Structure formats: structure tokens, C-alpha cells
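Participant:
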Amino acid sequence: MSMNGVMRPGHVALRVLDMEAAVRHYTDVLGLVETGRDAQGRVYFKCWDEHDHHSLVLREADRAGLDYLGFKVVDEATLDRLAAGIEAFGIATEAVPAGEHLATGRRVRFTAPTGQVFELYASKDVVGNGMPTVNPGIQPANLKGIAPVRLDHVLVYGADVEGSVALFRDVLGFQVTESVSDKGKYMAAFMSCSTKVHDIAFVGLPGEGKLHHIAFYVDSWSDVLRAADVISMTETSHDLGPTRHGATRGQTVYFFDPSGNRNEAFTGGYMWYPDRPPLQWTPDELPRALFIHEKKLRDEFMSVVT
Ligand code: M3P
Ligand code: FE
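Going by the numbering used here, the sequence shown opens with residue 3, and the numbers climb by one from there.
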């Protein structure tokens, strides 16, 4: 249920150190579908059950990390209205022309107070999920690897969580579903623009503009276990899990792409409705908020960002 016209995180643009190794990871291990390559050498992917042309764009660079995260909005008028709102909030916007991404309309780009570049866009070509929309099937026959159904959420770092929360809440219509907070001040905020338990999360640790992870949704706990098996069988760099978060109650396994960008296979979590009371974790309960079984913070998990 979009509160102000923003529907979902629609694409993540990542920098990778070695495109060939990255393409092998995202197609063979993650099991995404490659949907195109552009004149700049960027490679486009989607999860199998997404209908739009792409949800991940890779660019080869000498430093890994997040170029930008794009949210799809309901229509072009909403795009103009939200762009004006961002400007009125005091943040400059930049127009990215239609066609700069394959199969994508114009985008509006801005930098959040936590330092990440975000975009809004309203149009992207529909290429389907490999099955008919009349009398559809269950899943296409040729799935590989972890094969998540969709891009789910992104978690980013940066000191000014209060600023990014204000922008996403007051201008873009997101709600804080859960937080780690003290006396009303956010140390971490999980935010939804939909009925998902989070579409974006901000963690107030040093790392302006940094990415902690991009998460892909799988359908069940057994698919999270299966993801961990695939990670093991392919000798992919494993980070943490399978386990369960306290915050969101989601089930999870974390791993790295060959450039060190963290991926998460995520499932579960409860549904969010705008009238649901947000949940708060006090700072002393942070370990339980992160991992409800282990109740321990892991150094590498907290400190490695790209
Ligand atoms: C999740 C989630 C951190 C919290 C992570 C939580 C890195 O990834 O999906 O709920 O502090
Ligand atoms: Fe996550």
C-alpha cells in the first residue's frame, strides 16, 4: 500500500571490480536473469518473478559499492510532484533522461542525508516473468541457483539517519516500521512504502553513502536453507546465517559477491499496514534485534560495507 505514490525499490546499480566474475555470481549463484547490456558495458538483470526489464545494473569500476538505488513511483505526475517535494525539502534534484538506462523512462536523482544517491522513476518496459499472464504457471522451468522472486530491500549506513528518515517519511510517504532508538532519536530505522516490513533501512554508523547489503526475497525458510547450500556448493563467500532477525522477524542468510558487495537472501517478516504500531528496540537490545537466536553482534557483519 503505497502511501504517497512510491511503490517499491525498482533497481539497484552496483559497482563491481570484475564484470565477468560478477556476471557469473549474479546469474549462476544468485540465479538472476540477464536482460541486457548497454553501450557503456553495464549489465542488466532481473529476478525471475519481476515483470519489469531490470532490478540490478552492474558497472565495472575500481571500487565496489552502490552507485544508486531507484524507487518506482506510480506515474509521471507523481514523479513531478515528489521531485518538487524533494526540492522544497531543501535537497537538489537532477534529471536523468529517458533511455539512459535500457528500457527505462526519465529518472529524478537526489542524494539523501546519509550520503546515498537515490532515484525515482515511473516507467520501465514490462518484459514479463517467463510465464503467460493468462492461465499462468508456477515458475519457469529454467531457474538456476538461489532464484529469488524479487529485489526486496536495501540497507545503508550513514550518520544522519534522522535526516534520511525525515526525507523518506515527510516527502516520500514511507513509514518507520521498526527502529533502534533512544528517547525518540533513531540509531537505525526500517522503513516501508508498501505492505513489506521494510523497503529501505538506514543504520546510523559511520559510512556516508555506504551500502551494507541488498536483499532478495525467497519464498520460504527452506529456500533460505537452500540458498545457504548453494553458497556452500559454489564456494561463494559466506557471511552469516541462516538465522532469524529480531527486527522484522525475517529469516536470512548473508553472503558476498566476488567484489565484496553483501547480498542477503531474505524471507518472512510480517505484513505492514499503515495503522500498525511501529516497533522499537532499545540500544541495549541491539544484538537481539539483529539476530534473535545468537544475540551477538559480529564484528565483520557490522563493519564491512561497500
Ligand atoms: C536486516 C533485515 C543491520 C540490520 C540488518 C537487518 C545490518 O538485514 O533484513 O532485517 O544492522
Ligand atoms: Fe536485510
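We put the CB at the ideal spot given by N, CA and C, even for glycine.
Just so it is clear, the structure is predicted and the values come from calculations on it, not from any experiment.
Any residues whose CB sits closer than 6 Å to a heavy atom of the ligand FE? List them in chain order?
Facilitator: After applying the 6 Å Cβ criterion, the set is H155, L157, H215, A217, E266, F268.
Participant: Taking its Cβ as the centre, do 16 or more other Cβ atoms sit within 10 Å of Q42, making it buried, or is it exposed?
Facilitator: That one is exposed.
Participant: Just to confirm my understanding: we take M3, look at its own chain, exclude 5 residues before and 5 after, and list those with CB closer than 6 Å. What are they?
Facilitator: Model confidence at M3 stands at a pLDDT of 45, short of 50, so the residue's coordinates are unreliable and nothing is read from them.
Participant: Kindly examine the ligand M3P and report whether one of its heavy atoms sits closer than 7 Å to the Cβ of T179.
Facilitator: Outside the cutoff, so no.
Participant: If you measure from the CB of L292, is any heavy atom of the ligand M3P nearer than 7 Å?
Facilitator: Yes.
Participant: R10: buried (16+ other C-beta within 10 angstroms of its C-beta) or exposed?
Facilitator: Per the 10 Å Cβ criterion, buried.
Participant: Contact between the region 186-195 and the region 161-175 is defined here as three or more beta-carbon pairs at a separation below 8 Å; is this criterion met?
Facilitator: Enough Cβ pairs lie closer than 8 Å, so yes.
Participant: Leaving out five residues on either side along the sequence, give the residues of the same chain with a beta carbon under 6 Å from the beta carbon of M21.
Facilitator: Within the same chain, M21 has close Cβ partners E62.
Participant: At which residue ranges does the region 198-236 contain complete alpha helix (DSSP H) runs of 4 or more residues, listed in the order of the chain?
Facilitator: For the region 198-236, whole alpha helix (DSSP H) runs of length 4 or above, ordered along the chain, are 223-235.
Participant: Mind pulling the beta strand (DSSP E) runs of 3 or more residues that sit fully within the region 50-134?
Facilitator: You should have 58-62, 67-75, 96-98, 109-113, 119-123.
Participant: Starting from A190, trace the beta strand (DSSP E) in both directions and tell me its first and last residue.
Facilitator: Element bounds for A190: 187-194.
Participant: Under the rule that 16 or more other beta-carbon atoms within 10 Å means buried, what is D277, buried or exposed?
Facilitator: Looking at its Cβ environment, which holds fewer than 16 other Cβ atoms inside 10 Å, D277 is exposed.
Participant: Taking the alpha carbon of G147 as the point to measure from, which residue in M5, E210, E237, Y272 has its own alpha carbon closest?
Facilitator: The residue with the shortest Cα to Cα distance from G147 is E237.
Participant: On the CB-based measure, 16 or more other CB atoms within 10 Å of its CB, does N137 come out buried or exposed?
Facilitator: With fewer than 16 Cβ atoms within 10 Å of its Cβ, N137 is classed as exposed.
Participant: Compare the C-alpha of P134 against each of G270, C49, H53 and name the closest.
Facilitator: Cα-wise, what sits closest to P134 is H53.
Participant: Judging by CA-CA distance, which residue of V59, N144, T113 is the nearest neighbour of E102?
Facilitator: Per the Cα distances, V59.
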